[in-house]
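Contents: one structure, followed by commentary.
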Amino acid sequence: MKKNEELLKIYKKIKKDIVNRIKEFKRNGKNMTDNEILYELFFCLLTPQSKATLCWSSVEKIKKEGEKILKEKEKIKSCLYGVRFPNNKSKYIHHFYNEKFLKEKFFQELKNIESNFEKREFLVKNVKGMGYKEATHFLRNIGYGNDLAILDRHILKNLKEYSIIKNIPSSISRKRYIEIEEDMRKFSKKLDIPLENLDFVLWYKERGFIFK
Numbered sequence: 001m002k003k004n005e006e007l008l009k010i011y012k013k014i015k016k017d018i019v020n021r022i023k024e025f026k027r028n029g030k031n032m033t034d035n036e037i038l039y040e041l042f043f044c045l046l047t048p049q050s051k052a053t054l055c056w057s058s059v060e061k062i063k064k065e066g067e068k069i070l071k072e073k074e075k076i077k078s079c080l081y082g083v084r085f086p087n088n089k090s091k092y093i094h095h096f097y098n099e100k101f102l103k104e105k106f107f108q109e110l111k112n113i114e115s116n117f118e119k120r121e122f123l124v125k126n127v128k129g130m131g132y133k134e135a136t137h138f139l140r141n142i143g144y145g146n147d148l149a150i151l152d153r154h155i156l157k158n159l160k161e162y163s164i165i166k167n168i169p170s171s172i173s174r175k176r177y178i179e180i181e182e183d184m185r186k187f188s189k190k191l192d193i194p195l196e197n198l199d200f201v202l203w204y205k206e207r208g209f210i211f212k
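For the record, in the sequence shown the residue sitting at position 94 is 94 according to UniProt numbering, with numbers rising by one throughout.
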């Protein structure tokens, strides 16, 4: 119970910031150009096992260099400062830009999907390098994160600490991701903190700040 009280105390402290950030995501999502959405997707492709701040700095570098570099994997790779697995991640960015973004109305198709759950399935199926965590992160950042959980290492560590899960899995299957997400959803209802907000609370508990 004392642990729960700690989370509630954090939530009370940063609730206004969380609500404003989520409103910002939703507002921006409605007004974003396809190119702006594209860079959010790049950011989320870079985040596995890498610091979010370094990933965003790498995206800013790509934006500064211009879209011309997205035609060449090595030039993309040269922008990925401090990001783990730059070879694979540069390939993912290159593939999405050249095979999906330029050839298909990908983001329009995504927006036309009614439920956030199905949006996530569409992303995981169609974007190389994007798992359930990355897809959920991306959807939240463009305003479609309601009732989905970003199960990154910080969140999983806390779920174990609060006995929501027994062990931190080294990899998470689709089935296991959805199971853990549902367990976290039940925990959020117990705390009376919306699932989308609880992600921020657990992140803040680990890192001491709110980021993308």
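By construction, the Cβ of each residue, glycine as well, lies at the ideal position given by its N, Cα and C atoms.
Remember, it's a predicted structure, so these values are computed and weren't measured experimentally.
**Message:** Pop quiz: I168 and D183 are said to be a contact at Cβ under 8 Å. What is the actual Cβ separation, rounded to whole angstroms?
**Reply:** In the sequence shown, counting from the first residue as 1, residue 168 sits at position 168. In the sequence shown, counting from the first residue as 1, residue 183 sits at position 183. Under the criterion of beta carbons closer than 8 Å, I168 and D183 do not qualify as touching, at roughly 13 Å.
**Message:** Just to confirm, is the Cβ distance from I142 to F25 under 8 Å?
**Reply:** As a first step, residue 142 must be located in the sequence shown, where it is residue number 142. As a first step, residue 25 must be located in the sequence shown, where it is residue number 25. Against a cut-off of 8 Å, the Cβ pair of F25 and I142 comes out as a contact.
**Request:** Identify, in the order they occur along the chain, each residue of the same chain with its Cβ nearer than 8 Å to the Cβ of I14, setting aside the five sequence neighbours on each side.
**Result:** The residue you call residue 14 lines up with position 14 of the sequence shown. Excluding positions up to five away in sequence, the list reads F200, V201, Y204, I210.
**Asked** By Cβ distance, which residues of its chain are closer than 7 Å to E40, with the 5 residues on each side in sequence left out?
**Response** In the sequence shown, the residue the question calls residue 40 occupies position 40. Same-chain partners within the cutoff: F138, N141, I142.
**Message:** Less than 8 Å between the C-beta atoms of D147 and K133, yes or no?
**Reply:** For the purposes of this step, residue 147 is identified with residue 147 of the sequence shown, where counting begins at 1. For the purposes of this step, residue 133 is identified with residue 133 of the sequence shown, where counting begins at 1. Note that the C-beta distance between D147 and K133 is not below 8 Å.
**Item:** Extent of the continuous alpha helix (DSSP H) to which G29 belongs
**Value:** The residue you call residue 29 lines up with position 29 of the sequence shown. Here the alpha helix (DSSP H) through G29 covers 2-31.
**Message:** Considering only the alpha carbon of each residue, which of F96, Y81, R207, K175 lies closest to N67?
**Reply:** Here residue 67 refers to the residue found at position 67 when the sequence shown is read from its first residue. Correcting the residue type first, residue 67 is Glu in the shown sequence and not Asn. The shortest Cα separation from E67 among F96, Y81, R207, K175 belongs to F96.
**Request:** Count the other CB atoms, across all protein chains shown, that sit within 10 Å of the CB of G82; report buried if there are 16 or more and exposed otherwise.
**Result:** Your numbering for residue 82 matches position 82 in the sequence shown. Looking at its Cβ environment, which holds fewer than 16 other Cβ atoms inside 10 Å, G82 is exposed.
**Request:** Compute the distance between the beta-carbons of E99 and K157, then report whether it is under 8 Å.
**Result:** Taking the sequence shown and counting its residues from 1, one reaches residue 99 at position 99. Taking the sequence shown and counting its residues from 1, one reaches residue 157 at position 157. Their beta carbons are not under 8 Å apart, which means E99 does not touch K157 by this criterion.
**Prompt:** Helix or strand or just coil, what does DSSP make of L102?
**Reply:** Indexing the sequence shown from 1 puts residue 102 at position 102. The answer is coil: DSSP assigns L102 none of H, G, I, E or B.
**Prompt:** Roughly how many whole angstroms lie between the Cα atoms of H94 and L70?
**Reply:** For this step, residue 94 is matched to residue 94 along the sequence shown. For this step, residue 70 is matched to residue 70 along the sequence shown. Using only the alpha carbons, I get a separation of about 6 Å.
**Prompt:** Nearest-angstrom Cα distance between K9 and I178?
**Reply:** Along the sequence shown, one-based indexing puts residue 9 at 9. Along the sequence shown, one-based indexing puts residue 178 at 178. CA-CA distance, K9 to I178, rounds to 28 Å.
**Message:** With distance defined between alpha-carbon atoms, name the residue in N35, N87, K75, Q49 nearest to K105.
**Reply:** On the sequence shown, residue 105 is found 105 positions in, with the first residue counted as 1. Nearest of N35, N87, K75, Q49 to K105, Cα basis: N35.
**Prompt:** Whole-angstrom Cβ separation of S58 and C44, contact assumed at under 8 Å?
**Reply:** Here the question's residue 58 lines up with position 58 in the sequence shown. Here the question's residue 44 lines up with position 44 in the sequence shown. Not quite, the Cβ-Cβ distance comes to about 12 Å (not below 8 Å), so this is no contact.
**Item:** Contact set for N87: own chain, Cβ-Cβ below 8 Å, skip 5 residues either direction
**Value:** Residue mapping note: residue 87 aligns to position 87 of the sequence shown, counting from 1. Cβ neighbours of N87 within its own chain (closer than 8 Å, five residues either side excluded): K77.
**Residues near G129 by beta carbon distance below 6 Å, same chain, minus five either side** = The count along the sequence shown starts at 1 and reaches residue 129 at position 129. L45, Y92.
**Item:** DSSP three-state assignment for E60, whether helix, strand or coil
**Value:** By 1-based counting over the sequence shown, the position of residue 60 is 60. Helix, per DSSP.
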